[in-house]
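In this note's numbering, the protein residues as written are 1 to 351. Structure, as structure tokens:
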């Protein structure tokens with residue numbers, strides 16, 4: 001496991017322009033594979049259009065207590081990008097007035113933002129229907145100041161969506177670092193202890209699976225059954241749903257693909273698994289992603305590639321749903337990751 005972000009290592013791939021060059025050249029430039037634009041044009045789905053806004057996803061910072069090998073955010077302890085209270089206040093004004101029904105807080109480890117709890121408390125007052133916090137689980141066990149997070153989440157009726165690569169120690173630690181599995185299991189037990197994940201409980205606890213190598217995820221429903229059986233039998237752990245997410249060929253996963261000489265094979269796999277029915281339901285069509293510094297993107301992946309929204313409203317301070325709805329979605333070849341097989345979004349499969 002590498003212990004530093006691409007930025008800290010001064011890797012070429014820390015530069016989003018370099019990532020986009022790789023995704024636009026080679027097998028796509030010479031015509032071996034169709035660009036994503038050409039592919040969706042075949043089924044009359046270009047330009048891809050935004051629909052009614054339903055989800056406001058806010059990245060409150062890239063700082064994290066882990067350095068996972070697949071991380072599209074390139075998060076880690078060495079990342080200093082953190083949303084300020086001023087930008088959070090601008091987000092709160094939007095949350096109070098938006099037609100979106102879901103608020104989705106992400107990172108890094110969102111809990112590491114020093115104003116995280118204040119933000120959650122204020123945002124909870126807005127009465128959003130589904131209030132999600134994406135947790136890596138290990139942050140709950142990182143040190144004593146985080147141990148009460150399960151109770152804090154319960155108090156504000158937060159829907160916890162947690163990363164869990166596998167139900168076995170070996171596969172989890174390989175992707176996320178030594179000791180991650182045991183800390184994750186303890187964190188899940190802590191969440192279960194306050195009522196999360198139990199049958200009939202309104203305290204939602206969902207897990208997120210993504211492959212550890214250069215392959216697509218299996219069937220989400222089948223994996224959910226396997227996860228539930230193994231975690232219950234081995235550890236007495238309950239959870240509600242499993243979301244299977246395809247790794248997109250950007251940032252650290254792109255670095256892995258190139259280093260392991262799997263990049264072209266993986267792109268072929270994504271293109272061959274392209275599913276036109278998934279295109280209509282990709283998350284960018286009903287989501288706005290807000291970066292730590294308040295800029296607006298079609299999705300979290302476009303945020304990491306520095307591809308801002310195609311709209312006059314570029315910043316949370318200029319937020320205007322009338323302008324944002326119906327906009328053309330900004331696309332590149334990484335979008336194949338969200339349209340392969342059953343499709344992929346932050347809420348799992350889409351088709």
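Here a beta-carbon is modelled for each residue, glycine too, at the ideal position from N, C-alpha and C.
Over the uninterrupted alpha helix (DSSP H) stretch that includes residue 268, give me the two end residues.
263-272
I'd like to check one pair, residue 91 with residue 136: are the Cβ atoms closer than 8 Å?
no
Judging by CA-CA distance, which residue of 114, 121, 74, 111 is the nearest neighbour of residue 95?
121
Taking only three categories from DSSP, how would you classify residue 132?
In this structure, residue 132 counts as strand in the three-state DSSP scheme.
Nearest by alpha-carbon distance to residue 406: which of 12, 5, 8 is it?
Residue coverage of the chain in this structure runs from 1 to 351, which leaves residue 406 outside it and unanswerable.
Quick one: what's got a C-beta closer than 8 Å to residue 78's C-beta in the same chain, skipping five residues either side?
4, 5, 7, 8
When the distance is taken between beta carbons, is residue 107 closer than 8 Å to residue 62?
yes
For residue 335, tell me which candidate among 314, 293, 276, 132 has the shortest Cα-Cα distance.
276
Hey, out of 281, 212, 83, whose CA is closest to residue 260's CA?
Checking every option, the nearest Cα to that of residue 260 belongs to 212.
Just the C-alpha distance for residue 192 and residue 24, rounded to the nearest angstrom, thanks.
45 Å
What are the complete beta strand (DSSP E) segments, minimum 3 residues, inside the region 156-180?
159-163
Checking 8 Å against the spacing of the C-beta atoms, do residue 317 and residue 57 come in under that value?
Between residue 317 and residue 57, the C-beta gap is not smaller than 8 Å, which leaves the two residues out of contact.
How long is the line joining the alpha carbons of residue 208 and residue 232, rounded to whole angstroms?
17 Å
For residue 197 versus residue 159, is the C-beta distance shorter than 8 Å?
no
Under three-state DSSP, which class holds residue 35?
coil
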